[in-house]
Structure formats: structure tokens, C-alpha cells
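Novice: So that you can map any letter, position 90 of the sequence shown is 89 in numbering that gives the first Met the number 0, and since no number is skipped, the others follow by simple counting.
Just so it is clear, CB atoms sit at the ideal spot from N, CA and C, and this is done for glycine as well.
Nothing here was measured: the structure is a model prediction, and the numbers come from that model.
Below is a structure I'd like to ask you about.
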Amino acid sequence: MGESRVLSRAEALQLEPGWRHACHVLLCAPCPGRLRGRVPLRHAVLMQMRFDGLLGFPGGFVEPRDGSLEAGLSRELREELGPGAAALSLAEGDYLGARCAETPRRLVAHFYAKRLSLEQLRALENGAPRAEEHGLEVLGLVRVPLHTLRDGVRGLPTFLSNRFAGCAREQLLEALRVLRLVPEAELRRADAASRK
Ligand code: APR
Ligand code: MG
Ligand code: MG
0 MGESRVLSRA EALQLEPGWR HACHVLLCAP CPGRLRGRVP LRHAVLMQMR FDGLLGFPGG
60 FVEPRDGSLE AGLSRELREE LGPGAAALSL AEGDYLGARC AETPRRLVAH FYAKRLSLEQ
120 LRALENGAPR AEEHGLEVLG LVRVPLHTLR DGVRGLPTFL SNRFAGCARE QLLEALRVLR
180 LVPEAELRRA DAASRK
């Protein structure tokens, strides 16, 4: 995905048929643990290592037969996360926003977020190896480190210096800010440190 631009759900749905639509979701849960008994973990946020070596969010292309964005997302989540994803029941209310890009091909990326309990999130992680795409499109789920260690580099900044699918990096930063999972000043520092 080249340079992307933000647009509303209504604008995105009015684009010509030549545009493909994809839906992805950030799943998170409060996580009270502390790393080495000291560094607060705050939240568990799920991403995945993909077949192409990039990090991304669970989800994928919406097909005409799906009937709606949310139905397409639910199908992709069952394929990528396993039958446990059926209980997630994502709806329009979980919608965070859309981005579109002309290159490498016309794509609208719709993005959702859902807050779960830690038990629900752990159940998904445990069931994920039974998903039909496990070992194929999805090589494994990862939790995003939200903390920054004392050197100012390890943790979230280093995670952000990985390569991401489509606009997943922008989507991650936006969601962490909007859902208040990481304080804004800390996010800005992590983003800047990851680019050095
Ligand atoms: N996370 C992942 N991909 C994203 C994201 C995101 N947050 N935002 C945008 N994308 C882009 C990807 O770059 C990709 O081009 O959305 C597109 C579709 O998303 P995928 O999750 O890759 O689609 P999916 O339907 O799950 O399957 C991918 O398509 O390219 C083929 O053969 C390939 O089997 C693979 C399938
Ligand atoms: Mg898929
Ligand atoms: Mg996918």
C-alpha cells in the first residue's frame, strides 16, 4: 500500500467498483502484569506475523459474496483465528476508520477495534493454531509491546521499526492513541525513536 489517505466509511462505500475493500481488526484486553515485576504491560494487543514476512492485523479482503464489510471481516477472522473468532461478533460500532491508496492497486483498508477480557483474548490465542490459515497466511499471533524500556529504544520503538502490511503501522499508532492504550507523548517518542 503506497501513500494512504484517511476517508470516512460513507466515502469509502461510495468508491467505484474498481476499488477492493479489506477489513482488519485490533483486538485488545487489559493486562495487569508487569515485565520483570517492574514494567507495566498495561494491555495485550494482538497482531500477526503474515505469510509475506510482514506484521499485520487479522482480517483480509472482503468478497462480494460476503454481503457486508462486517460479514467479510467475520469470515476472515474465522479463517485466520479459528472457530473461536465466531464469538467476536464485530459490528459497525467497532469501526475506527478507513484509509485508501492507489498503489500498488486501488485498496480501501477498513479498520476496527474490539476490547475483550484477558480471558477471551487468551482463549483466541490458544485456539489460533487450529485455524485453517495457521501456518499458511498466518504464521503466528504476536502481542505488541506497549512499553518502552529505559534505553528509550527497546519495546514499542523497536517493534515499530519492523515492516508492516499495507497501512497497519499507521492503523496501530492511531488505535493506540484513540483507545488510550498508550499515553500520547509516549507514543510520539516511540514513533520518533523507531525512525532513527
Ligand atoms: N493488516 C494487514 N493487511 C493490511 C492491513 C493491515 N492492517 N491494512 C491494509 N492491508 C492490506 C494488505 O497489504 C493486503 O494487500 O490489505 C490487503 C489484504 O489484506 P490480507 O490480510 O493480506 O488479505 P487476506 O484476504 O487475508 O489474504 C491474503 O491474498 O495476496 C493474496 O495470496 C495472498 O493468500 C493471500 C491473500
Ligand atoms: Mg485471510
Ligand atoms: Mg489476512
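Go ahead and label leucine 135 buried or exposed: buried means 16 or more other beta carbons lie within 10 angstroms of its beta carbon, across all protein chains shown.
Specialist: exposed
Novice: For glycine 52, which beta-bridge partners are listed by DSSP?
Specialist: Its beta-bridge partners do not exist; DSSP assigns none.
Novice: Only counting the same chain, and skipping five residues up and downstream in sequence, which positions put a Cβ closer than 7 Å to that of leucine 89?
Specialist: Val24, Glu69, Leu72, Ser73, Tyr111 and Lys113
Novice: Check whether the Cβ atoms of glutamine 47 and valine 181 lie closer than 7 Å to each other.
Specialist: no
Novice: On the three-state DSSP scale, how would you describe leucine 76?
Specialist: helix
Novice: Cα-Cα, which of Pro57, Pro63 and Phe50 is closest to glutamate 79?
Specialist: Pro57
Novice: Need the endpoints of the beta strand (DSSP E) that leucine 138 sits in, please.
Specialist: 137-142 is the extent of the beta strand (DSSP E) around leucine 138.
Novice: Indicate whether the contact test is met: 3 or more Cβ pairs, each with one atom in the segment 145-152 and one in the segment 50-67, closer than 8 Å.
Specialist: Too few Cβ pairs lie closer than 8 Å, so no.
Novice: How about alanine 167: is its Cβ closer than 6 Å to a heavy atom in ligand 1?
Specialist: Yes; taking the cut-off as 6 Å, the Cβ of alanine 167 has a heavy atom of ligand 1 nearer than that.
Novice: Just how far apart, CA to CA, sit arginine 194 and alanine 184?
Specialist: In a straight line, the C-alpha of arginine 194 is about 16 Å away from that of alanine 184.
Novice: Does ligand 1 have even one heavy atom less than 6 Å from the beta-carbon of histidine 109?
Specialist: no
Novice: Taking the beta carbon of glutamine 13 as the centre, do at least 16 other beta carbons fall within 10 Å, making it buried, or is it exposed?
Specialist: Residue environment for glutamine 13: exposed (fewer than 16 other C-beta atoms within 10 angstroms of its C-beta).
Novice: Could you tell me if the beta carbon of glycine 59 falls within a distance shorter than 6 Å of some heavy atom in ligand 1?
Specialist: yes
Novice: Below 8 Å on the Cβ atoms is my guess for glycine 154 versus methionine 0; work out the distance and round it to an integer in Å.
Specialist: Incorrect: roughly 26 Å between the Cβ atoms, too far for contact.
Novice: If you run the structure through DSSP and keep just helix, strand and coil, what is proline 39?
Specialist: In this structure, proline 39 counts as strand in the three-state DSSP scheme.
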